[in-house]
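Contents: one structure, followed by commentary.
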Amino acid sequence: MSFWQIVLVSMPRLLNGLTVTLYMTVFSAAVGLLLGIILCLGRVYGNKVASLLSTGFIELIRGTPMLVQLFILYYGLPSYNIRLTPLLAALIGFSINSAAYQAEYLRGSIQSIGIGQMKAALSIGMKKWQAVRLIILPQALRRVIPAWTNEFIYLLKYTSMAYIIGAPEMMAQAKFVASRNFEFFKVYLLTAAIYLSIVWTISFVFSYFERKLRIPGTVVTER
Amino acid sequence: MVTIELTILGLGLGFVIAIPISFAQVYGGRVARFVCSLYEKTFRSIPLLVLLMLIFYGLPEIGIRFAPFVSCVLGLGIRSSAYQSQIFRGAILSVSRGQTLAALSVGMTPFESFRYIVFPQALRFSIAPWTNEFTVVLKDSSMAYALGVVELLRQGSYIISRTYEPMAIFLTCAAIYLVMTLSTNKLMGYIEKKTQIPGFETKEVSH
Amino acid sequence: MTKVVLKVEDLKKSYGRNEILKGVSLEIKKGETKVIIGPSGTGKSTLLACINRLVEPDHGRVLLEGEEITSRNACKMRQKIGYVFQDFNLFNHLTALDNVRIGLIKVQKLPKEEATRIAIEQLSKVGLSQKVNLYPSQLSGGQKQRVAIARALAMRPKLMLFDEPTSALDPELIGEVLSVMIDLAKSGMTMLVVTHELGFARTVADEIIFMENGIIVEQGPPALIFTNPQKDRTKQFLRKLTELYGEEKNK
């Protein structure tokens, strides 16, 4: 079969898988952002217990491979009678994993804002959580956008791992198609090209938004 | 241990490819710069798993055949080279232009100014991100599982097929990875401290 | 008898084994301006930070109009104390107007229209009615510090604390900030100012406090301190300062 024939034959299934891939990525990036904010605030502003717990959790997740985390969720939990579908296990795994990384990006961003902003907020009578919500987070979240873009792209690529536990995302579809027509090289090349074009598009879109959201006069420094 | 072999060979291969690429990107002509940054962008954008599949299942179709282990080293190495070249490029560029100008002004040749002024500083700047890359490669070597390489994770699942204790075994795997990443971070943090230039502390959060 | 606005009793603070404040007491009456001078690293800034509880003191009491400031009521009490920082600390993501009005809206819960009115009024007082919609990074250092002063004043404080408000400014910008402060002192605001600007001290201070190594070495009216200091350390310090900055600057 010629390359274009392969494209024609495998595209429907790959695109099908792509929607699952994108769904997993967007879902885990969003849930990861929420959890990440909580973890980060726990680590930076929480009391001793909260800070210790958040730090421990973050380091635990960042220190172990995502695949191991997926295996624990998918193959490990059933021994405790918790059975997850591949897709659900993947969604939970990616969200938790992303939360740990996003918490750290946000922490770096909070540290770069400096202690002066907090002091100034307190000096006009704000409560600590008011200062965090009104002064620290709005600035920290803007600054974290470049890192967040990276995280989104990492996630997009790492969701390919979900195929190992059997979630029907793009990699799984590619393997399915390829194992029927034995055109592994072309099919995987096509898959690579799809990932490539999506990653590049996302980078472009995010850098556009980053320019849009910039606080006048302050340049967001790239990681 | 296969995991460690994969990590070190992958990183080493990545390093060997990354050095000339980062040089070409900073000092090369327009064509060289374009080709190298295309290489970097491409391999940073493709998931490692896709790369592994291309190498292991795809290349035999055009007559190139690698063993699973070699395929993994190649995949990890090529992908890592893209990230490492970005690290070195960033490090070289973060040494300010003034440093080169000052070096030239005391009569050094461009090569000498790179060798004695830019390179030592850039090397220090790259320690932290490079440590990070090390742990990324270490963790991602687990994907070799998909090609059937008997690394830590697959070793774990073999044990599980005999003991039927998935949770305990996978948690043990996780703990081993954790020990490896944390001790790497500790060690490199120590090296970084040792080689620090006063007033130029580098601090960053990493993936 | 005029009312005592601020009373500081035997304040002590250490960082590890390093004792920064070794028991400082002072008092400010309504409408008074007191200026703290002294070498850097002698606890002047720590003293101010301890007064509004940005730093928790180890020992001693601070009373604002007779009410003790504790870590419990700090949020409420800080509203009554304006604080101006050396490095401005304007909220970078907010315009000048929002910087001034955020405390009114979020802390004092004023309706937005009223908060806006007060904020614009305060910004006009410091001469920045044309700059209300600019972000901090679009303002000069002197303008930033004037916004910071307006932000503090908008809360209608009983007391203003200034922590070296001109130290981070280029020389040509110091004057605009000092003139705002001088007007403020003359309008009857109660102020405690840490500064190296002797001209300012001479013009408006009711009392000069010379601090060194965590204690008050000497205090008294400017005429006395400047012309005839009692302690040798005060004499040496003033001589050094006049050599550095010139005597009659900013008068």
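Keeping their order, the protein sequence lines are chains A, B and C. Under my numbering, residues 1 to 223 are what the first sequence spells out, in order. Under my numbering, residues 1 to 207 are what the second sequence spells out, in order. Under my numbering, residues 1 to 251 are what the third sequence spells out, in order. Quick reminder that beta carbons are idealized off the backbone N, C-alpha and C, glycines included.
query                                                                                                                                                                       : result
Which chain B residues are close to Thr-191(A), counting only those with a beta carbon under 7 Å from its beta carbon?                                                      : Val-50
What span of residues does the beta strand (DSSP E) with Val-194(C) cover, start to end?                                                                                    : 191-194
What first and last residue would you give for the alpha helix (DSSP H) that runs through Lys-44(C)?                                                                        : 44-51
Shortest alpha-carbon distance to Leu-152(B) belongs to which of Val-68(A), Leu-60(A) and Ser-51(A)?                                                                        : Val-68(A)
Secondary structure at Leu-94(C), three-state DSSP: helix, strand or coil?                                                                                                  : coil
Ser-123(A) touches chain C at which residues, Cβ-Cβ below 7 Å?                                                                                                              : Asn-52, Leu-54, Arg-78 and Tyr-83
So which residues of chain B does Thr-55(A) contact, with C-beta pairs closer than 7 Å?                                                                                     : By Cβ distance, chain B contributes nothing, its closest Cβ being about 13 Å from Thr-55(A), past 7 Å.
Rounded to the nearest angstrom, what separates Ile-224(A) and Ser-79(A) at their Cα positions?                                                                             : No answer is possible for residue 224(A): the residues shown for chain A start at 1 and end at 223.
From the DSSP output, which residues share a beta bridge with Leu-39(A)?                                                                                                    : DSSP output for Leu-39(A) lists no bridge partner at all.
Please report whether the beta-carbon of His-59(C) lies at a distance below 8 Å from any beta-carbon of chain A.                                                            : no
How close, in whole Å, do the beta carbons of Gly-127(C) and Arg-146(C) come, if the pair is a contact with beta carbons under 8 Å?                                         : 7 Å
Is it buried or exposed, Gly-12(B), if we count other Cβ atoms within 10 angstroms and call 16 or more buried?                                                              : exposed
For Asn-132(B), which three-state DSSP category applies?                                                                                                                    : helix
With which residues is Gln-130(C) paired in a DSSP beta bridge?                                                                                                             : Beta-bridge pairing links Gln-130(C) to no other residue.
If contacts are defined as beta-carbon pairs under 8 Å, then Lys-34(C) and Glu-212(C) qualify, I think. What distance do you get, rounded to the angstrom?                  : The pair is not a contact, with the Cβ atoms about 16 Å apart (cut-off 8 Å).
Count the C-beta pairs between the region 164-171 of chain C and the region 92-106 of chain C that are closer than 8 Å, then say yes if the count reaches three, no if not. : no
Beta carbon of Gly-63(A), beta carbon of Leu-53(A): below 8 Å?                                                                                                              : no
For Ser-109(A) versus Arg-143(A), is the C-beta spacing smaller than 8 Å?                                                                                                   : yes
Considering only residues of the same chain and omitting the five flanking positions on each side of Ala-74(C), which have a CB-CB separation below 6 Å?                    : Arg-53
From which residue to which residue does the alpha helix (DSSP H) around Tyr-101(A) run?                                                                                    : 86-113
Could you please give the first and the last residue of the uninterrupted alpha helix (DSSP H) stretch that includes Leu-152(B)?                                            : 152-163
Consult DSSP for Ser-10(A) and reduce its assignment to one of helix, strand or coil.                                                                                       : helix
Report the residue from Gly-10(B), Phe-15(B), Phe-23(B) and Thr-3(B) whose alpha carbon sits nearest the alpha carbon of Arg-115(B).                                        : Phe-23(B)
Three-state secondary structure (DSSP) at Phe-27(A)?                                                                                                                        : helix
Measuring only between beta-carbons, confirm whether Phe-229(A) sits less than 8 Å from chain B.                                                                            : Since the first residue shown for chain A is 1 and the last is 223, residue 229(A) is missing from the structure and cannot be characterised.
DSSP on Arg-61(C), reduced to helix/strand/coil?                                                                                                                            : strand
Can you tell me the Cα-Cα spacing of Phe-152(A) and Ala-152(C), whole angstroms?                                                                                            : 41 Å
As an exercise, report each continuous alpha helix (DSSP H) stretch of at least 4 residues that is fully enclosed by the region 97-160 of chain C, in chain order.          : 112-125 and 141-154
Using DSSP with H/G/I as helix, E/B as strand and the rest coil, what is Gln-219(C)?                                                                                        : strand
Measure from the alpha carbon of Ser-142(B) to the alpha carbon of each residue in Thr-131(B), Tyr-164(B) and Gly-75(B), then state which is nearest.                       : Gly-75(B)
Tell me where the beta strand (DSSP E) around Met-211(C) begins and ends.                                                                                                   : 207-212
Against chain A, does Ile-62(B) count as a neighbour if the rule is that its beta carbon must be under 8 Å from one of theirs?                                              : yes
As a quick exercise: from Gln-102(A), Leu-14(A), Gly-17(A) and Asn-150(A), pick the residue whose alpha carbon is nearest that of Leu-34(A).                                : Gln-102(A)
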